[in-house]
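Engineer: First, the structure itself, so that you have it in front of you.
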Amino acid sequence: MASQQVNEVEEMINGLRNHPGFKSYLILNNDGVVIKWGQEGSPMPYEKAVQQSHHVLDLYKKSKACLGDLFGPEEGRQIECVRLRTDEYELIV
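Letter by letter, the sequence shown follows residues 2 to 94 in my numbering.
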């Protein structure tokens, strides 16, 4: 029965892959441990995925602290998504 259910994570990854310019993805747990990763074209080595996860978690923590300083701590307010865009790339955390 469980094998027939649609996996929400796989569905989301496949949806992102359909966007033009999609290159890679990382899925981490709350402790920053890499659970799943992938890259279009050549596969991403696990070591690189771990390195990238460290940078992403650091960015998230700094963004959370900065926004807390800017807008003040309010209960119920929590960062859900950090989105960075350049001319060539977009990173969604």
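Don't be surprised by glycine CBs; every beta carbon is placed ideally from N, CA and C.
Going along the chain, which residues of its own chain have a beta-carbon closer than 7 Å to the beta-carbon of residue 64, five neighbours each way excluded?
Structural biologist: On the sequence shown, position 63 is the one that residue 64 refers to. Cβ within range, chain order: 80 and 83.
Engineer: Report yes if the CB atom of residue 41 is closer than 9 Å to the CB atom of residue 54, and no otherwise.
Structural biologist: Start at 1 with the first residue of the sequence shown, and residue 41 comes out as number 40. Start at 1 with the first residue of the sequence shown, and residue 54 comes out as number 53. For residue 41 and residue 54, no; Cβs fall outside 9 Å.
Engineer: Quick one: what's got a C-beta closer than 8 Å to residue 29's C-beta in the same chain, skipping five residues either side?
Structural biologist: Position 28 of the sequence shown holds residue 29. Result list for residue 29: 35, 36, 54, 57 and 58, in chain order.
Engineer: What span of residues does the alpha helix (DSSP H) with residue 53 cover, start to end?
Structural biologist: Numbered from 1 along the sequence shown, position 52 holds the residue referred to as residue 53. In the DSSP assignment, residue 53 falls within the alpha helix (DSSP H) that extends over 47 to 72.
Engineer: What are the residues that DSSP puts in a beta bridge with residue 91?
Structural biologist: Position 90 of the sequence shown, counted from the start, is the residue given in the question as residue 91. BP columns for residue 91 point to 86.
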